[in-house]
Amino acid sequence: MAMSDHCDFPRWLAQQGLRTTPVRLAVLEILGNAPRALRAQEILEIIRSQRRVNKVTVYRILEDFTRRGMVRKLALEGLVNHFELACEHHPPHPHFQCHSCREVQCLEPVALNRVWTELRGPVGNRADHIDIKIEGLCHKCREIS
Ligand SMILES: [Zn+2]
Ligand SMILES: [Zn+2]
Ligand SMILES: [Zn+2]
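The opening residue of the sequence shown carries number 86 in the working numbering; numbering runs sequentially from there.
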């Protein structure tokens, strides 16, 4: 699902009225290249392998992007949040979370699109948000156990 080559991040930031800073850009690029949803700590570590950055700065950027709908903060079990890009190339999709290592995998959104109409129910509710989570044991943890 890494499709950041489709995104023009500086343009996206400008559309949001935000200045393109190296850290803002790094957060978007890291999320765009990630094959799965990332914890804030993981994003911080990747940026820190390239430059000095304050933890608070990264967390503030993530919260700001989340508020603006540029990033999705996944509501999953566990104490840490997972983040992913919410651009037009990354429509909402179901997630698989391993109950052993807590890693979060992104699943194909195709099936969701098909059931979207049905999820609104027979009386025609307005569905604004979809959040489907599958829990289990990931392939890596299955090999260990
Ligand atoms: Zn995109
Ligand atoms: Zn696992
Ligand atoms: Zn995802």
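Every residue gets a Cβ at the ideal spot worked out from N, C-alpha and C, and that includes glycine. As the structure is a computational prediction, the values presented were derived from the model and not from experiment.
The C-beta separation of residue 128 from residue 112 comes to about 6 angstroms, placing the pair in contact by the 8 angstroms criterion. Residue 167 is bridged by DSSP to 124 and 159. Taking a 10 Å sphere around the C-beta of residue 169, we find 16 or more other C-beta atoms and assign the residue as buried. For the 8 angstroms CB-CB criterion, residue 178 and residue 193 form a contact.
Short note on residue 218: C-beta not closer than 7 angstroms to any heavy atom of ligand 2.
Annotated three-state conformation of residue 92 is coil, per DSSP. Distance from the C-beta of residue 188 to the nearest heavy atom of ligand 2 is below 7 angstroms. Annotation: residue 157 to residue 171 spans about 6 angstroms, alpha carbon to alpha carbon. Contact check for residue 222 against residue 183 passes: the beta carbons are separated by less than 8 angstroms.
Taking a C-beta distance under 8 angstroms as the contact criterion, residue 186 and residue 140 do not qualify as a contact pair. Counting along the chain, no beta strand (DSSP E) covers residue 143; the unbroken alpha helix (DSSP H) around it starts and ends at 140-152.
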